[in-house]
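Take the sequence shown: its position 250, counted from the start at 1, is 250 in the UniProt record's numbering, and no numbers get skipped. All residues carry an ideal CB built from backbone N, CA and C; glycine is no exception. The structure displayed is predicted, hence computed values, not measured ones.
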Amino acid sequence: MTRSLRRRRSGFTLIELLVVIAIIAVLIGLLLPAVQAAREAARRMQCTNNLKQMGLAVHSFHDIHQTLPNMSFCGGGCEDTNPGMQNIYYRFRHYPVAFELLPYIEQNNLYNSFNLNLAATSTVPVAANGLANATLARSPLSVFLCPSMPPPLNPVYADYASYGWNRGNCEVNSPAQGGDIYKPGQAYGFTPSNGVFISRMDAGLDYPTGVTLAARHVADPTWWQPDNTYRIGFKSITDGLSNTIAAGEMHNILKGYTTTTVNSVSIGATPVPSGGPIAWGSSGGDYYSEGRTTVPMNTLTGPYYARTITDPAALRDILYKGPIYSFRSMHPGGCNFLLCDGSVKFLKQSIDMATYKALGSRNGGEVISSDAY
């Protein structure tokens, strides 16, 4: 009996177990943010590396061609003002800048496999290899994909991406002013965009006088010029390569955006919510991969463009508030940007808009101090 009373108690009481569990929960609560922060830091570093690779590709392209790729082969503002430019350059007119850089990121075989006369969403087999463009552009490429971006909701294109290209700033004037891009008889015009990757029309392609629209590509020898005539190069970036944005994050995280195409396939007439249309190869318009520094960073909601919009005030709202043009990311507080000198900087979304627009322009003559961003 005495030995039984002296036997030591084994195990824990319920209260002790609860205390231990509570301590473990507190420790997890303290460690989890640190773990998440470390993971985000790693993702942001990978994003930075992606942009640096893109910067090297841009410089390699320029070294060979002495020009930069165009944003598209047409387009003037937030609408396609140039009629009938189907295949006048003997290729599909809406391949984005990222597509042009494929040969410079060790994807030359992929680039050469495409039929450039057809869209990246084309299902027509290419005679040389039997594959359709849509088969070649069936998935994202890691160099164009930020690991912080979640899988997008109903992506418009199967080859979705996380980065867009700087088209800078432009304005809508009503009536159109001298030097504006506009259709004859149109009540408003767009000033040419002042960014780095711009359209042919931004770079100087304009309507000649005295020639009918239908005959211009035949009757006017000044209308269709060699490919490099309407491209700009680094020499046009007079604000300095280290003070001018080349590209930035444009995650497919839009709100209020809808589509009737999902993963490059038409789903019918009823649109569904989507995260956006940014892709490395596919594009339904030049404005699908362009970022504008007129729109505040990380704008995710607002007015979207439709070709039925002709009111100048509404068009200006889109250029200044349209989320489709915003640089945006999942990194807290801002976005990673590639500058034209090949460096990458994280810009805070609280950046002064005058400074932001100055970084977006290639030739505005602004003086930007290094501590301004």
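Need the endpoints of the beta strand (DSSP E) that residue i sits in, please.
i, result
"Leu338", "334-339"
"Val272", "272-274"
"Asn166", "163-168"
"Thr259", "257-259"
Is residue i buried or exposed, if buried means 16 or more other CB atoms sit within 10 Å of its CB?
i, result
"Pro277", "buried"
"Leu18", "exposed"
"Thr299", "buried"
"Glu16", "exposed"
"Val58", "buried"
"Val156", "buried"
"Val272", "exposed"
"Thr238", "exposed"
"Thr108", "For the record, residue 108 in the displayed sequence is Asn; it is not Thr. It is exposed - the Cβ of Asn108 has fewer than 16 other Cβ atoms within 10 Å."
"Gly29", "exposed"
"Pro151", "exposed"
"Asn112", "exposed"
"Gly240", "exposed"
Could you give the distance in angstroms between the alpha-carbon of residue i and the alpha-carbon of residue j?
i, j, result
"Ile267", "Cys146", "27 Å"
"residue 376", "Ile21", "No statement about residue 376 is possible, as the shown extent of the chain runs from 1 to 373 and does not include it."
"Ala358", "Leu141", "31 Å"
"Arg316", "Ser139", "34 Å"
"Ser274", "Ile23", "43 Å"
"His331", "Glu290", "20 Å"
"Gly365", "Tyr95", "31 Å"
"Ala246", "Cys340", "5 Å"
"Thr135", "Ser264", "10 Å"
"Thr355", "Arg292", "13 Å"
"Leu153", "Met54", "25 Å"
"Cys170", "Lys345", "24 Å"
"Gly77", "Val367", "No answer about Gly77 holds up, because its pLDDT of 49 lies below 50 and its placement is not dependable."
"Asn129", "Leu116", "14 Å"
"Pro312", "Tyr305", "12 Å"
"Asn50", "Thr13", "55 Å"
"Leu101", "Phe114", "14 Å"
"Gly334", "Gln349", "5 Å"
"Pro103", "Leu27", "50 Å"
"Met353", "Leu131", "46 Å"
"Gln46", "Tyr163", "13 Å"
"Asn194", "Gly179", "13 Å"
"Glu106", "Ser148", "24 Å"
"Ile198", "Ser236", "12 Å"
"Trp165", "Thr258", "22 Å"
Can you find the residues in the same chain that come closer than 6 Å, C-beta to C-beta, to residue i, ignoring five residues on each side of it along the sequence?
i, result
"Ala137", "Ala120, Asp159, Gly281, Ser282"
"Tyr373", "Leu347, Ile351, Thr355"
"Ser369", "none"
"Leu110", "Leu102"
"Asn173", "Asp180, Gly189"
For residue i, I'd like the list of residues in its chain whose CB is within less than 7 Å of its CB, leaving aside the five on either flank, ordered along the chain.
i, result
"His62", "Leu68, Gly233, Phe234"
"Leu118", "Phe92, Val124, Asn133"
"Ala161", "Ala98, Pro140, Phe144, Leu145, Ile278, Ala279, Trp280"
"Thr308", "none"
In its own chain, which residues sit with a C-beta less than 8 Å from the C-beta of residue i, not counting the 5 before and 5 after it?
i, result
"Ala176", "Tyr182, Gln186, Ala187, Tyr188, Gly189"
"Ala314", "Pro303"
So residue i is in the alpha helix (DSSP H); what residue range does that whole segment cover?
i, result
"Tyr111", "108-113"
"Ala98", "97-100"
"Ala246", "Not the alpha helix (DSSP H): Ala246 falls in the beta strand (DSSP E), residues 245-249."
"Ala158", "Premise fails: Ala158 is in no alpha helix (DSSP H) and is neither H nor E."
"Thr135", "133-136"
If we cut at 8 Å on Cβ distances, does residue i have a partner in chain B?
i, result
"Gln186", "Although the question refers to chain B, the structure presented lacks it and comprises just one protein chain."
(message) At 4 residues or longer, what runs of the alpha helix (DSSP H) sit wholly inside the stretch 287-353?
(response) 312-321
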